[in-house]
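Protein sequences appear in the order of chains A and B. In terms of our numbering, the first sequence has 107 at position 107, counting the first letter as 1, and numbering is strictly consecutive. In terms of our numbering, the second sequence has 142 at position 31, counting the first letter as 1, and numbering is strictly consecutive. Note that beta-carbon positions come from the ideal geometry of N, C-alpha and C, so glycine has one too. Only a predicted model underlies this, so the values are computations on that prediction, with no experimental measurement involved.
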Amino acid sequence: QSVLTQPPSVSGAPGQRVTISCTGNSSNIGAGYDVHWYQQLPGTAPKLLIYGNTNRPSGVPDRVSGSKSGTSASLAITGLRAEDEADYYCQSYDTSLTAFVFGGGTKVTVL
Amino acid sequence: QVQLQESGPGLVEPSQTLSLTCTVSGGSVSSGDYYWAWIRQPPGKGLEWIGYINFRGSAYYNPSLKSRITISIDTSENHFSLKLTSVTAPDTAMYYCARNYGSGSYSWYFDLWGRGTLVTVSS
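Right under this line is the structure:
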């Protein structure tokens with residue numbers, strides 16, 4: 001059971017928009033800690049996709065965006081492409097656990 | 112560019128100690144801007160932060176693993192290491208080293224990852 005809750009899977013047709021939610025509580029996201037997102041392509045290491053809730057590292061396309069409100073955050077991918085098929089993880093810090101915490105991961109499938 | 116590379120045995124016997132090293136190339140572990148972290152991922156499961164260390168040797172561990180973990184750093188060799196004692200089958204996982212960057216008091220993230228090394232606990 002992960003501290004941050006994500007849907008196990010989402011899917012969409014090419015060109016469509018998908019969103020992934022990440023729900024925490026008052027000890028992590030709700031305490032003001034930023035949410036970060038990682039993309040893990042099959043058989044590879046995770047890669048930073050969004051940092052500081054909304055910021056994209058160099059090289060990440062602007063069809064990927066992040067947001068945060070209250071005790072939750074979301075990742076949106078518009079113009080879905082086959083190359084977006086991957087697992088996506090949210091991450092924050094939990095002050096009660098005194099640990100970095102991850103969501104359980106969401107598998108994105110392009111139909 | 113900066114790269115991280117994990118190394119160590121791929122098979123560890125139950126009750127023994129898992130030892131891994133992460134070598135940093137193209138950059139220095141002595142940079143005061145970063146912490147150097149270990150993260151693991153059991154097969155088919157999610158990510159778990161193990162702990163991290165800075166160039167001064169100040170280490171912080173996941174409380175769920177704290178009694179079994181030691182993370183150390185060698186600035187002369189430009190690498191940092193993980194030791195996990197008394198391993199059992201649930202410790203079987205892909206182990207990643209990563210660079211952690213802090214942007215203010217409420218924002219820390221892992222901006223660079225190694226490729227990972229699979230460690231299996233089995234006799």
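### Task
State the beta-bridge partners of A:N55 as determined by DSSP.
Bridge partners of A:N55: A:Y51.
### Task
Compute the Euclidean distance between the alpha carbons of B:S233 and B:S175, then round it to the nearest angstrom.
C-alpha separation (whole angstroms): 22 Å.
### Message
Short of 7 Å in beta carbon distance, which residues of its chain neighbour A:F100, apart from the five on each side in sequence? Order them along the chain.
### Response
Within the same chain, A:F100 has close Cβ partners Q91 and Y93.
### Query
Residues of chain A with a CB under 7 Å from the CB of B:N173: which are they?
Identification of chain A residues near B:N173 by a Cβ-Cβ cut-off of 7 Å yields A99, ordered along the chain.
### Query
Does the distance from the CB of B:Y171 to the CB of B:W147 come in under 7 Å?
No, Cβ-Cβ distance for B:Y171 and B:W147 is not below 7 Å.
### Message
Are the CB atoms of B:I184 and B:V140 within a distance shorter than 7 Å?
### Response
Annotated as proximal: B:V140 and B:I184, with beta-carbon spacing under 7 Å.
### Task
Answer with yes or no whether the minimum CB distance from B:Y220 to chain A is below 7 Å.
Closer than 7 Å: yes.
### Message
Give me the DSSP bridge partner(s) of A:D87.
### Response
A:Q40 and A:K107, per the DSSP bridge assignment.
### Query
the ligand MN heavy atoms versus the CB of B:S118: any closer than 6 Å?
For the structure depicted, the ligand MN is absent and the ligand set is empty, with no information on it obtainable.
#### Entry: Residues of its chain near A:G103, where Cβ-Cβ distance is below 6 Å and the 5 sequence neighbours each way are ignored
If we look at A:G103 and ignore the five residues flanking it on each side, its Cβ neighbours are S2, L4, Q6, C22, Y89 and C90.
### Message
Relative to the C-alpha of B:K156, which candidate in B:L195, B:P201, B:N165 and B:S216 has its C-alpha closest?
### Response
Check the Cα spacing between B:K156 and each of B:L195, B:P201, B:N165 and B:S216: the tightest is with B:P201.
### Query
Using 7 Å as the limit for Cβ to Cβ distance, is A:L49 near chain B?
Closer than 7 Å: no.
### Task
Identify the contact partners of A:S72 in chain B, using a Cβ-Cβ distance below 8 Å as the criterion.
Neighbours of A:S72 on chain B: none; closest Cβ ~16 Å, over 8 Å.
### Query
Which residues bound the beta strand (DSSP E) around B:K194?
Taken as a continuous stretch (DSSP letters only), the beta strand (DSSP E) holding B:K194 covers H190 to L195.
### Message
Considering only DSSP beta bridges, list what B:E117 is partnered with.
### Response
DSSP lists B:C133 as partners of B:E117.
### Task
Measure the beta-carbon distance from B:L131 to B:V123 and round it to whole angstroms, keeping in mind my assumption that it falls under 8 Å.
Contact between B:L131 and B:V123 fails: their C-beta atoms lie close to 10 Å from each other, not under 8 Å.
#### Entry: B:R151 and B:Y206 closer than 7 Å at C-beta
Against a cut-off of 7 Å, the Cβ pair of B:Y206 and B:R151 comes out as a contact.
### Query
Taking 7 Å as the CB-CB cut-off, is B:Q145 touching chain A?
It should be noted that the sequence gives Tyr, not Gln, for residue 145 of chain B. At least 7 Å separates the CB of B:Y145 from every CB of chain A.
### Query
Would the stretch 54 to 74 of chain A and the stretch 27 to 41 of chain A be scored as touching if the rule is three or more Cβ pairs under 8 Å?
Look at the beta carbons and you see the stretch 54 to 74 of chain A touching the stretch 27 to 41 of chain A: at least three pairs across the two are nearer than 8 Å.
### Message
Contact criterion: CB-CB distance below 7 Å. Does B:W160 meet it with respect to chain A?
### Response
B:W160 counts as touching chain A.
#### Entry: Contacting positions in the stretch 83 to 96 of chain A - beta carbon closer than 7 Å to chain C
Of the protein chains in the structure, A and B, none is chain C.
### Query
By a C-beta neighbour count over all protein chains shown, 10 Å radius and 16 as the cutoff for buried, is B:R210 buried or exposed?
With 16 or more Cβ atoms within 10 Å of its Cβ, B:R210 is classed as buried.
### Task
Give every residue of the same chain whose Cβ lies closer than 6 Å to the Cβ of A:K107, excluding the five residues on either side of it in the sequence, and list them in chain order.
Its chain contains S9 and D87 as the residues whose beta carbon lies nearer than 6 Å to that of A:K107, once the 5 sequence neighbours on both sides are disregarded; these appear in chain order.
### Task
Count the other CB atoms, across all protein chains shown, that sit within 10 Å of the CB of B:G143; report buried if there are 16 or more and exposed otherwise.
In summary, B:G143 is exposed, with fewer than 16 beta-carbon neighbours lying within 10 Å of its beta-carbon over all protein chains present.
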